[in-house]
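The structure appears below as structure tokens.
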């Protein structure tokens, strides 16, 4: 093959002296010729015959090495940008520092303006916080280890977590230290990345669903669908390789440096050579348009030749990472366009297969980033052996780290001030967790020129979660108009019953106890897919929902009265409606989560001054004299001291894990002032006290029982007997007698 390649290269070079040159100039070196000969065995046979007969006419007219109008146009377009691309490579920072736009509402103090300029945040028509200080992860061992764990040579790593957790930034950081291609299948508000790949999902929507496998058209349609995907992604890859080869030739001429990897990434993120950060120019998309007229064989020939040329430039260490971002867009395994052994598979799998087939597997690795990518959809994929699943995105879960990150954007004088310290506290309280929330707030602050940080943060929370916080007074800062806010932090999805149930459990846990719920183990990945929860570990197993904004946003659905024309409009009140919603849940609530809901339910009920008979069911023959009276919920301050009605603020519930903690609650010790106490038993008891209008008190011990069946009288009597026998009620424990005696008195 090498001898044949040398002969072919000589033929092509000789043709360059002719007018017009009949040969494609890409074939003027042995590596390119060897690549085309590897792909086309018949060309190798022709060369052997030509060498024996000294008649090269058949080789000279071989179609694959001939010039064509379509290939000529494509190559001329690529070469036309050489001077501009060289200037981009050798120039300064491709994006100038962002500064607030001068308008009547942004009156930035000169010191603040100077500080913002000093941050050197990239300007892409907006402050590009997502790519601020790109490459800095290599300066922190923890972050560098995370990136390298994702960018593993020879693997196809699926990086899966909820929206806004930092998958894209990790992808960028990996491409700062590894040569590769960044493909995004959906562009968000940051408008980073070429449209060459993000246009494909809509273009491939027309794939024909497969008929039953016994149909005469089954194999024909399957083959047509596979070829359509191969053609679309091959054109995109060809465009990237043509420009990357040109880029590589330029840096080879000046000396290849490590920093050129980051430079190549930046060009892919904003593939415009106009010098205007707001330009929508996209050279990769333009090249793709030029490749539409090529046949699949011509495209594959050019791709093989370009890979060969890149191997020559980079040597034996040549390796590329293909990053597919927002991959969930094409990850549905039930699209019915692809099938193997009676199992449908996704467009994403077919795209990975098509791209991976263009070069030896030891030269290509994949990082596939997204949300809601089903692991079961790739169990039988042809590349299943090289699959790795990771959710190692990290998050703002450390307050000190979060304060350092936010403080960098603020002026030193503001950070040192009481208002600045309060702002950092509030940013942590509201913005902890996923990275996108913090970055979205910071981007809004930059646009506002840091004129009213607290007011803007409050407005952001209100617009995002439909809840206006009360942890800072608006009077502390002037009103300068409505700020321009982008609150697309996550999608507010219509939740399936299962997800609503899980959200309900977590929401009431927060409302009752003000404590972060423990991570979920195992099943409820729909919380992640819906953008509400996130994976808190590396292996897609632990799910947490510990961020205030999505909790508040999604909890509100449980606090709204039904619309007048809705099915539940006939329900007498919010109380019955919400309790009915709880009992209809498809999710198996735990007794403790049920008890947390009941605490919230009862607090709401007694705020409305409802009669006891509307809240509790009494045996028809044993309704107490006070059963139709109204009551109010009271909280303890100190045993023997005054009791006060519960005002609805602060925590509702004390989770008592020991009898001593129950004792602390009963005695109203300092720091324990909740109206409810939840015991630590397997069937937890909810303890609370009510005050009647005549000043008398009722103690209530409520056992949270979760059951799918109606409890009969015998069952209720048995539960009551267990309560009477419970160690918690025995005087010898020494915990309850004095306090409950005081209440009953």
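Numbering (this note's numbering), first residue to last: 56 to 800. Note that beta-carbon positions come from the ideal geometry of N, C-alpha and C, so glycine has one too.
**OP:** Using only alpha-carbon positions, find the residue among 284, 233 and 212 that is nearest to residue 312.
**Re:** 233
Original post:
CA-CA distance, residue 647 and residue 655?
Top reply: Taking the CA atoms as reference points, residue 647 sits about 13 Å from residue 655.
**OP:** Take every Cβ of the stretch 377-386, pair it with every Cβ of the stretch 419-428, and state whether three or more of those distances are shorter than 8 Å.
**Re:** yes
Subject >> Extent of the continuous beta strand (DSSP E) to which residue 765 belongs >> reply: No beta strand (DSSP E) holds residue 765; DSSP gives it neither H nor E.
**OP:** Rounded to whole angstroms, what's the CA-CA distance from residue 744 to residue 652? Just pull it up for me.
**Re:** 17 Å
**OP:** Kindly confirm or deny that the stretch 480-496 and the stretch 598-606 touch, where touching means at least three C-beta pairs closer than 8 Å.
**Re:** yes
**OP:** Measure how close the beta-carbons of residue 446 and residue 590 come, nearest whole angstrom, since I'm counting them as under 8 Å.
**Re:** 4 Å
Subject >> CB of residue 176 within 8 Å of CB of residue 187, strictly >> reply: yes
**OP:** Compare the Cα-Cα distances from residue 206 to each of 221, 225, 174 and 256 and report the closest residue.
**Re:** 225
**OP:** Could you name the residues of the same chain whose beta carbon sits closer than 6 Å to that of residue 532, not counting the 5 residues immediately before and after it, in chain order?
**Re:** 507, 509 and 510
Original post:
Rounded to the nearest angstrom, how far is the Cβ of residue 346 from that of residue 354, given a contact under 8 Å?
Top reply: 7 Å
Original post:
If you draw a straight line from the alpha carbon of residue 273 to that of residue 397, how long is it in whole angstroms?
Top reply: 12 Å
Subject >> residue 392 - DSSP class collapsed to helix/strand/coil >> reply: coil
**OP:** Give the secondary structure of residue 473 by DSSP, where H, G and I count as helix, E and B as strand, and everything else as coil.
**Re:** helix
**OP:** Pick out whichever of 491, 185, 474 and 687 has its Cα sitting closest to the Cα of residue 530.
**Re:** 474
**OP:** Decide if residue 658 is buried, meaning its Cβ has at least 16 other Cβ atoms within 10 Å, or exposed.
**Re:** buried
Original post:
Using a Cβ-Cβ cut-off of 7 Å (strictly less than) and excluding sequence neighbours within five positions of residue 326, which residues of its own chain qualify?
Top reply: 249, 337, 338 and 339
**OP:** Assign residue 710 to one of two classes, buried (16 or more other C-beta atoms within 10 Å of its C-beta) or exposed (fewer than that).
**Re:** buried
**OP:** Report all residues from its chain with a CB closer than 7 Å to the CB of residue 545; omit the five preceding and five following residues, and keep chain order.
**Re:** With a pLDDT of only 49 at residue 545, under the threshold of 50, the placement of this residue in the model should not be trusted; the figure read from the coordinates follows. The answer, listed in chain order, is 218, 219, 586 and 605.
Original post:
Is the beta carbon of residue 721 less than 8 Å from the beta carbon of residue 733?
Top reply: Their beta carbons are not under 8 Å apart, which means residue 721 does not touch residue 733 by this criterion.
Subject >> the stretch 228-242 in contact with the stretch 434-443 per 3-pair CB rule at 8 Å >> reply: no
**OP:** Report yes or no: is there a C-beta of chain D within less than 8 Å of the C-beta of residue 330?
**Re:** Reference to chain D is not applicable here, since this structure consists of a single protein chain.
Original post:
So the beta strand (DSSP E) residue 423 belongs to, where does it begin and stop?
Top reply: 419-425
Original post:
Given 8 Å as the limit, is there contact between the stretch 299-312 and the stretch 356-370, that is, 3 or more CB pairs closer than that?
Top reply: yes
Original post:
Quick one: what's residue 152 bridged to in DSSP?
Top reply: BP columns for residue 152 point to 177.
**OP:** Could you have a look at residue 112 and say whether DSSP puts it in helix, strand or coil?
**Re:** helix
**OP:** Confirm, please, whether the CB-CB distance from residue 686 to residue 746 is below 8 Å.
**Re:** yes
Original post:
CA-CA distance, residue 457 and residue 478?
Top reply: 12 Å
**OP:** Just tell me which of 494, 307, 143 and 221 has its CA closest to the CA of residue 320.
**Re:** Residue 143 holds the alpha-carbon nearest to the alpha-carbon of residue 320 among 494, 307, 143 and 221.
Subject >> Local conformation of residue 743 per DSSP, three classes >> reply: strand
**OP:** Measure the C-alpha to C-alpha separation of residue 466 and residue 154 and round it to an integer number of angstroms.
**Re:** 14 Å
Original post:
The alpha helix (DSSP H) with residue 285 in it runs from where to where?
Top reply: 273-309
Subject >> residue 268, enclosing beta strand (DSSP E) - first and last residue >> reply: Taken as a continuous stretch (DSSP letters only), residue 268 belongs to no beta strand (DSSP E), as it is neither H nor E.
**OP:** Let me know the secondary structure DSSP gives residue 689 once reduced to three states.
**Re:** strand
Original post:
At which residue ranges does the stretch 60-85 contain complete beta strand (DSSP E) runs of 3 or more residues, listed in the order of the chain?
Top reply: none
**OP:** Just grab the DSSP bridge partners of residue 445 for me.
**Re:** 214
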